[in-house]
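K.L.:
2 protein chains.
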Amino acid sequence: MAMDGPKQLLMALCAAAAVGVTSVIFVLIWVFNYKEGLAWDGGLAEFNWHPVLIVFGFIAVQGFAIIVYRLPWTWKWNKQVMKFIHAGLHLLAFILVVISLVAVFDFHNYAKIPNMYSLHSWLGLMAVILFSQQLVIGVCLYLLPVLPVFWRAAFMPIHVYSGLLLFTSVIAVALMGITEKLIFGLSNPKYKDSPPEAIFVNVLGLLLVLFGALILWIATRTSWKRPSDQNLHILHTNGGGEDNTKRGTALSQLSDQSDVALGDVNKSD
Amino acid sequence: MAMDGPKQLLMALCAAAAVGVTSVIFVLIWVFNYKEGLAWDGGLAEFNWHPVLIVFGFIAVQGFAIIVYRLPWTWKWNKQVMKFIHAGLHLLAFILVVISLVAVFDFHNYAKIPNMYSLHSWLGLMAVILFSQQLVIGVCLYLLPVLPVFWRAAFMPIHVYSGLLLFTSVIAVALMGITEKLIFGLSNPKYKDSPPEAIFVNVLGLLLVLFGALILWIATRTSWKRPSDQNLHILHTNGGGEDNTKRGTALSQLSDQSDVALGDVNKSD
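Quick note, the sequences are listed as chains R and U, same order. Whatever position you read off the first sequence (first residue = 1), add 76 for our numbering. Whatever position you read off the second sequence (first residue = 1), add 76 for our numbering.
1. Identify, in the order they occur along the chain, each residue of the same chain with its Cβ nearer than 6 angstroms to the Cβ of R:L120, setting aside the five sequence neighbours on each side.
2. May I have the straight-line CA-CA distance separating R:L114 from R:F108, to the nearest angstrom?
3. Against chain U, with Cβ distances strictly below 9 angstroms, would R:R297 count as a contact?
4. Looking only at its own chain, which residues have a Cβ that is under 7 angstroms from the Cβ of U:K159, when we skip the five neighbours before and after it?
5. Is the beta carbon of R:G118 less than 9 angstroms from the beta carbon of R:F183?
6. Classify R:V97: buried if its beta carbon has 16 or more other beta carbons within 10 angstroms, exposed otherwise.
7. Within a Cβ cutoff of 8 angstroms, which residues of the same chain sit near U:I171, ignoring the five residues on either side of it in sequence?
8. Below 8 angstroms on C-beta distance, what does R:I281 contact in chain U?
9. To test your reading of the DSSP string, which unbroken beta strand (DSSP E) runs of 3 or more residues are found completely within the segment 227-288 of chain U?
10. Does the beta-carbon distance from U:L195 to R:T255 come in below 9 angstroms?
11. Please list the segments of the alpha helix (DSSP H) lying wholly inside the segment 127-170 of chain R, counting only runs of 4 or more residues, in order along the chain.
12. Let me see if you follow: with CB-CB separation under 9 angstroms, is U:M158 close to chain R or not?
13. If contacts are defined as beta-carbon pairs under 8 angstroms, then R:I101 and R:A250 qualify, I think. What distance do you get, rounded to the angstrom?
14. Would you mind sorting U:L86 into buried or exposed? The rule is 16 or more other CB atoms within 10 Å of its CB.
15. Whose Cβ in chain U lies nearer than 8 angstroms to the Cβ of R:S270?
16. Report buried or exposed for U:W125, applying the criterion of at least 16 other Cβ atoms within 10 angstroms of its Cβ.
17. Rounding to the nearest angstrom, what Cα-Cα distance links U:A229 and R:A78 in this structure?
18. Quick one: is R:A187 buried, meaning 16 or more other Cβ sit within 10 Å of its Cβ, or exposed?
19. Select from U:F287, U:V236, U:F276, U:L241 the residue whose C-alpha is nearest the C-alpha of U:K301.
20. For U:V222 and U:L147, what's the separation of their Cα atoms in angstroms?
21. Can you tell me where the alpha helix (DSSP H) holding U:S208 begins and where it ends?
22. Going along chain R, which residues have a C-beta under 8 angstroms from U:S245?
23. State the Cα-Cα distance for the pair R:N278 and U:S245, rounded to the nearest angstrom.
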C-alpha cells in the first residue's frame with residue numbers, strides 16, 4: 077500500500093490538475109451556458125466575474141501555488157526561483173480575488189442589495205484579509221533577506237498551517253456562495269426542483285471539494301517534499317520529539333538546532 | 077515563539093473546549109430563543125434537532141474525539157483505553173448524526189419539501205457515509221486484533237488524513253446549512269436585512285470555523301502527540317525521508333522498519 081511513492085505523487089498531481097482545470101471549465105459553462113455571461117455593466121453579467129475569478133484565482137491558482145514545491149521536475153531548480161513562483165502565484169490569486177470582490181460589490185450597489193450581511197460575505201472577507209496578511213508576512217519572512225534564519229524556521233509550521241487553513245476556508249466559503257447563488261438565482265424551476273443548472277453547479281461544488289482534498293493530500297505527504305526541505309523536516313521532527321519528552325519546548329529545540337537549520341536554510345536559499 | 081510547547085497545548089485545549097461549548101450553547105439559544113424549540117412532531121421544532129445534533133455530535137463530539145490522544149493527563153493511561161474512547165466518541169457522533177438526519181428527512185416529508193436537492197445535502201450525506209466507513213475501517217484496523225501490524229502502520233497516514241478531511245468537510249457542510257436555513261427561515265425582516273437572528277447565527281458560523289481551526293492545529297502539532305506515538309512518528313519520518321531520497325518508496329520504508337514499528341505498536345497496544 078505505497079500511497080506516497082513517486083508514482084503516486086505523479087498520479088495525484090495529474091488528478092489535481094485534471095480536477096482543477098475541470099472546475100474552471102465548469103464555472104465558465106455555468107456562467108456562459110446557464111447565466112448571463114461576463115461583462116462589466118453593474119448587472120448580473122458583472123456579478124458572474126465573482127464565481128469565475130474565485131474558482132480560477134482563489135481556488136485553482138492558490139491550490140497550484142501551494143503544491144508548486146511538490147513538482148519533482150523542479151527539485152533541481154534553485155529554491156529561490158521556486159519561492160518566487162510560489163509567492164507570484166499567490167499574488168496573482170490575490171489580484172484576481174480583489175477584482176472579483178469589486179465585481180460583487182458593484183453589482184450589489186447597482187441592484188440596491190445590502191453588502192456584507194451573509195456568513196458567506198463575513199468569512200469570505202476575513203479569508204481575503206488574512207490571505208493578504210499571509211502574503212505580506214510570507215514575503216517578509218522568506219523572500220526578503222531581513223529576518224534571521226531562526227525566525228524563518230520557527231514561523232514555518234505556522235506559515236504552512238495558515239496557508240492550508242486559508243485554502244480550505246476559501247473552498248468552504250465558495251460552497252456557501254454556490255448555495256446562495258443557486259437559491260437566489262433559480263426561480264421557476266427553483267433550486268428545490270433540481271433543474272439541470274442546479275445539478276450541474278452541485279457537481280461543480282463536488283469538484284471543488286475533490287480538488288481541495290487532493291491539494292491537501294499532496295501538500296501534507298512528508299515524503300513528497302523537496303528532498304532538501306525533507307531533511308530539514310526530519311531534523312525538526314527529531315529534535316521536537318526528543319525535546320518535548322525531555323524538556324517540553326519547541327523553542328529549545330529550534331535554538332538547539334539553529335546552526336544546523338541555518339546551514340540548511342541558507343543552502344536552500 | 078514557542079507555539080507548540082506544553083503550555084501552549086493546554087491553552088489550545090482550553091480554547092477549543094471554550095469555543096466548542098460556546099458553539100453548542102449558541103445553537104441551543106438559536107433554536108429556543110429565535111426558533112420553535114425542540115420537539116418530534118414533523119414540524120419546524122423537529123427540524124431543529126438537525127442543527128443542534130450536528131453542532132453537538134458531528135462537530136463538537138467529533139472534534140474532541142479527534143484530539144483525545146492530545147490530553148496530557150491521559151498520556152500515562154493504557155493506549156487501548158484511549159482507542160476505545162476515540163472510537164466510542166466517534167460512534168456517539170455517528171448515532172447523533174443519524175438521528176439528526178431522520179429529523180430533517182421527516183420534516184421535509186411532512187412539509188412536502190424535496191430531499192437531497194442541495195449541494196449541502198449531497199456533501200452532507202457523502203460525509204456521513206464516508207464517516208461510517210472510516211469508523212468501520214478504523215475499528216477493524218486498530219481495535220480488533222485481526223490485521224497484521226504492517227497494515228495498521230501503513231494505513232495510519234490515510235486514517236489521520238481522512239479523519240481530519242471529514243471533520244473539516246462537516247464544518248463546511250454546516251456553514252452551507254446555516255446559509256440555507258437563514259435564507260429560508262427568515263422573512264420580514266429577511267436575511268439581507270440583518271435581523272438579530274442573522275447576526276447571532278453568523279457568529280455561530282464564525283465559532284464553528286474557529287473550533288475547526290483549533291482542532292486542526294492541535295491535531296497536527298507533532299510535538300503534542302502522545303510520547304509513544306511521537307517516537308513512532310519520528311521513526312517513520314526518518315525512514316521515509318531517507319528512503320525517499322535514496323530509493324523513493326514509502327513501502328520500502330515501512331517494510332524495512334516493520335520489526336521496529338511492530339515492537340512499538342505492540343507496546344502501545
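Quick reminder that beta carbons are idealized off the backbone N, C-alpha and C, glycines included. Remember, it's a predicted structure, so these values are computed and weren't measured experimentally.
P.N.:
Based on what the coordinates show:
1. E112
2. 7 angstroms
3. yes
4. Y218, L219
5. yes
6. exposed
7. G133
8. Per the sequence shown, residue 281 of chain R should be read as Gly rather than Ile. Ordered by position in chain U, the residues that pass the 8 angstroms Cβ test against R:G281 are L195, W198, L199.
9. none
10. yes
11. 138-142
12. no
13. With a Cβ gap of about 16 angstroms, R:I101 and R:A250 do not count as contacting.
14. exposed
15. P190, Y193
16. buried
17. 12 angstroms
18. exposed
19. U:V236
20. 28 angstroms
21. 195-214
22. V285
23. 15 angstroms
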